[in-house]
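Undergrad:
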């Protein structure tokens, strides 16, 4: 957190799910000493935590001793936000995302639409009410597929989506041509999550959260890397800037394991990338020809 703050980062995203409460506690411990008007904070609803035996089988290392259950009702939503405020130790939350209500969630699969119906009648209405009351400033969905976001545009009045893994150098066509135009029409903005595909575009041989690398993606990354080197830049910098170029995107949030990675990511956002690099990617059909190209002032 200190490294991020020193690098100029002022938007922070967390969730009860991350470390089963640990992320909110750690983030709140740092933000407690900052002026509330100096940063923007988002967290999520969808899982309620209950003290109990340590949960096994999650991706978290040494999570807090809590169990969890899914709850997208109005009552569960308000309870979740109240719990988050307690863990964070701050007086307000700017943005609330309805979390992991998506077909890629293995706990839901095809039944995600049943959870969505509950959220449409519960969480979505309650978050709209809380926004109207001034308790939060904005709400939306935080998901790894675009279908729930598109459904939310029809069922509710969201302000912003955290769309992870859907707009990167490796994969972006569906978001570019389906999600972004629908959001622009409704005046909804996008936070681009996992812009490096969980480190893949920074050279790690792991793709997204499941880890399995799709066929042909290693070769595609190698071709992109060669073009980047030809233009004297690194692929990570290009990947990060690429996700900020669409007008509907408000920010991008790469993950980091260390203060050094945060500093490197911040530096990447200042790199001048020649337009010829993007032209080469398009001519080689490595990115969509309609993809907006980023500019650095």
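Residue numbers (this note's numbering): 806 to 1102. Heads up, the beta-carbon is just placed ideally off N, CA and C, and yes, glycines get one too.
1) Taking the alpha-carbon positions, what's the residue 836 to residue 1011 distance?
2) Assign residue 876 to one of two classes, buried (16 or more other C-beta atoms within 10 Å of its C-beta) or exposed (fewer than that).
3) I need the DSSP call for residue 831, collapsed to helix, strand or coil.
4) Using the Cα positions of residue 852 and residue 1032, report the straight-line distance between them to the nearest angstrom.
5) On the three-pair Cβ rule with 8 Å, is the region 859 to 869 touching the region 811 to 831?
6) Rank 940, 912, 914, 945 by C-alpha distance to the C-alpha of residue 924 and give the top, closest one.
7) Verify whether the separation of the beta carbon atoms of residue 777 and residue 892 is less than 7 Å.
8) What are the uninterrupted segments assigned as alpha helix (DSSP H) that are 4 or more residues long and contained completely in the region 911 to 992, given in chain order?
9) Could you tell me if residue 982 is buried or exposed, where buried requires 16 or more neighbouring beta carbons within 10 angstroms of its beta carbon?
10) What's the call for residue 937, buried or exposed, on a 16-neighbour Cβ count within 10 Å?
11) Is it buried or exposed, residue 997, if we count other Cβ atoms within 10 angstroms and call 16 or more buried?
12) Could you tell me how far apart the beta carbons of residue 1026 and residue 1006 are, in whole angstroms, since I believe they sit closer than 8 Å?
13) Using DSSP with H/G/I as helix, E/B as strand and the rest coil, what is residue 1096?
14) Do the CB positions of residue 1108 and residue 971 come within less than 7 Å of each other?
TA: The short version:
1) Along the chain shown, one-based indexing puts residue 836 at 31. Along the chain shown, one-based indexing puts residue 1011 at 206. So the alpha carbons of these two residues sit roughly 31 Å apart.
2) In the chain shown, counting from the first residue as 1, residue 876 sits at position 71. Buried: at least 16 other Cβ atoms inside 10 Å.
3) Mapped onto the chain shown, residue 831 falls at position 26. In this structure, residue 831 counts as helix in the three-state DSSP scheme.
4) Numbered from its first residue, the chain shown carries residue 852 at position 47. Numbered from its first residue, the chain shown carries residue 1032 at position 227. Approximately 43 Å, taken between the alpha carbons.
5) yes
6) Position 119 of the chain shown, counted from the first residue, corresponds to residue 924. Here the closest residue by C-alpha is 945.
7) With the chain running from 806 to 1102 in the structure shown, residue 777 is simply not present.
8) 917 to 926, 928 to 938, 952 to 960, 985 to 991
9) Indexing the chain shown from 1 puts residue 982 at position 177. Exposed, because fewer than 16 other Cβ atoms sit within 10 Å of the Cβ of residue 982.
10) Taking the first residue of the chain shown as position 1, residue 937 is located at position 132. Per the 10 Å Cβ criterion, exposed.
11) Within the chain shown, residue 997 is the residue found at index 192, counting from 1. With 16 or more other Cβ atoms within 10 Å, it is buried.
12) Here residue 1026 refers to the residue found at position 221 of the chain shown. Here residue 1006 refers to the residue found at position 201 of the chain shown. Confirmed, Cβ separation roughly 7 Å.
13) Within the chain shown, numbered from 1, the residue matching residue 1096 stands at position 291. Three-state result, residue 1096: coil.
14) Outside the shown range of the chain (806 to 1102) lies residue 1108, about which nothing can therefore be said.
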